[in-house]
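In our numbering, the protein residues as written are 2 to 267. What follows is a set of notes on a single structure, which appears directly below.
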């Protein structure tokens with residue numbers, strides 16, 4: 002009988018270091034706070050980074066007032082979000098514009114979503130694109146580095162393109178916000194909220210279309226219209242993606258499972 006062995010011994014017991022890349026304002030509180038809480042509970046070391054080190058704030062429509070009650074985060078998520086906003090790590094974020102800033106020290110890079118237009122700060126950032134062009138290839142298995150993105154966060158990756166115009170997720174299986182979800186939210190609220198649910202404005206491309214264009218084949222885009230939790234894990238890269246806030250808990254669970262798998266005995 003073969004003796005069990007440890008996969009990649011030597012780093013199995015290291016505490017994972019996580020960094021959330023965020024715009025100054027506008028991310029979805031569920032897609033941010035639920036993973037944050039799960040990683041803290043798991044004992045991970047968590048950091049945040051924004052463009053100039055400003056404390057990030059999630060979309061207030063999702064945590065306050067009538068929009069929260071009708072469209073936003075659940076009451077328990079709002080409580081978790083408020084706890085996150087008091088944490089030391091979010092009150093002292095790093096700055097991605099710092100000349101020597103690098104993602105290399107981190108084991109997990111998280112890209113939360115959000116449809117508020119301010120999230121374009123991270124989706125369109127050339128500096129963030131370059132950071133992902135450097136980091137994402139390092140997640141190729143059997144690496145232990147991981148990238149995780151949800152909803153509009155996937156667009157950070159689809160927009161991170163090399164000199165030949167190839168996105169970092171060109172060869173990956175991925176999901177993101179489904180067109181039907183985006184259109185339902187937009188047309189269902191347009192009379193009251195205008196183009197709030199269209200991050201790039203009325204008439205702009207849907208997230209699913211933008212992401213699919215960045216893939217080698219449309220078949221790499223995976224989705225379901227079932228509102229139940231759904232995530233996609235790529236086979237060749239340590240890359241996990243999700244569609245919308247309803248996937249946030251499973252998203253965090255699958256990331257934690259992936260890190261646990263790095264340490265398991267086989």
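Glycine is no exception: its CB is placed at the ideal position from the N, C-alpha and C atoms.
- Residue 134 and residue 169 have their C-alpha atoms some 6 angstroms from each other.
- The C-beta of residue 221 has 16 or more other C-beta atoms within 10 Å across all chains shown, which makes the residue buried.
- Collapsing the DSSP output to three states places residue 161 in coil.
- Between residue 32 and residue 113 the beta-carbon gap is near 4 angstroms, inside 8 angstroms, which marks them as a contact.
- Between the segment 31 to 48 and the segment 75 to 87, the count of Cβ pairs shorter than 8 angstroms is three or higher; the stretches touch.
- Put simply, the segment 37 to 57 touches the segment 95 to 108. At least three CB pairs are less than 8 angstroms apart.
- A check of alpha carbon separations from residue 16 across 30, 27, 40 identifies 40 as the nearest.
- Under DSSP, the beta-bridge partners assigned to residue 168 are 162.
- Where residue 130 is concerned, the enclosing alpha helix (DSSP H) starts and stops at 127 to 136.
- Each residue's CA atom was taken as its position, placing residue 231 and residue 205 some 26 angstroms apart.
- Counting every other CB atom within 10 Å of its CB across the protein chains shown gives residue 105 a total below 16, marking it as exposed.
- Cα atoms of residue 198 and residue 227: separation of roughly 20 angstroms, rounded to the nearest angstrom.
- Judged by pairs of C-beta atoms under 8 angstroms, the segment 167 to 185 touches the segment 146 to 154, as three or more such pairs exist.
- Residue pairing for residue 59: DSSP places it in a beta bridge opposite 28.
- Setting aside the 5 residues that flank it on each side, residue 121 is surrounded in the same chain by 24, 200, 201, each with a C-beta closer than 8 angstroms to its C-beta; the list follows chain order.
- Residue burial annotation: residue 47 is buried, with at least 16 other C-beta atoms found within 10 angstroms of its C-beta.
- Shortest Cα-Cα distance from residue 171 to any of 254, 107, 237, 251 involves 237.
- Per the C-alpha coordinates, the member of 162, 190, 70, 71 positioned closest to residue 217 is 162.
- In the displayed model, residue 178 falls within coil according to three-state DSSP, outside both helix and strand.
- Listed in chain order, the non-local C-beta contacts of residue 225 below 6 angstroms within the same chain comprise 231, local neighbours out to five positions each way being set aside.
- With distances taken between CA atoms, residue 109 lies nearest to 241 out of 210, 241, 65.
- Secondary structure note for residue 263: its alpha helix (DSSP H) is the uninterrupted segment 249 to 264.
- In its own chain, leaving out the 5 sequence neighbours on each side, no residue places its CB closer than 6 angstroms to the CB of residue 75.
- Of the candidates 147, 95, 211, the residue whose Cα lies closest to the Cα of residue 252 is 147.
- Taking a 10 Å sphere around the C-beta of residue 132, we find 16 or more other C-beta atoms and assign the residue as buried.
- Counting the other CB atoms within 10 Å of its CB gives residue 159 a total of 16 or more, which places it among the buried residues.
- The beta carbons of residue 123 and residue 157 sit closer together than 8 angstroms.
- Between residue 116 and the set 261, 265, 27, 194, the nearest pair of CA atoms involves 27.
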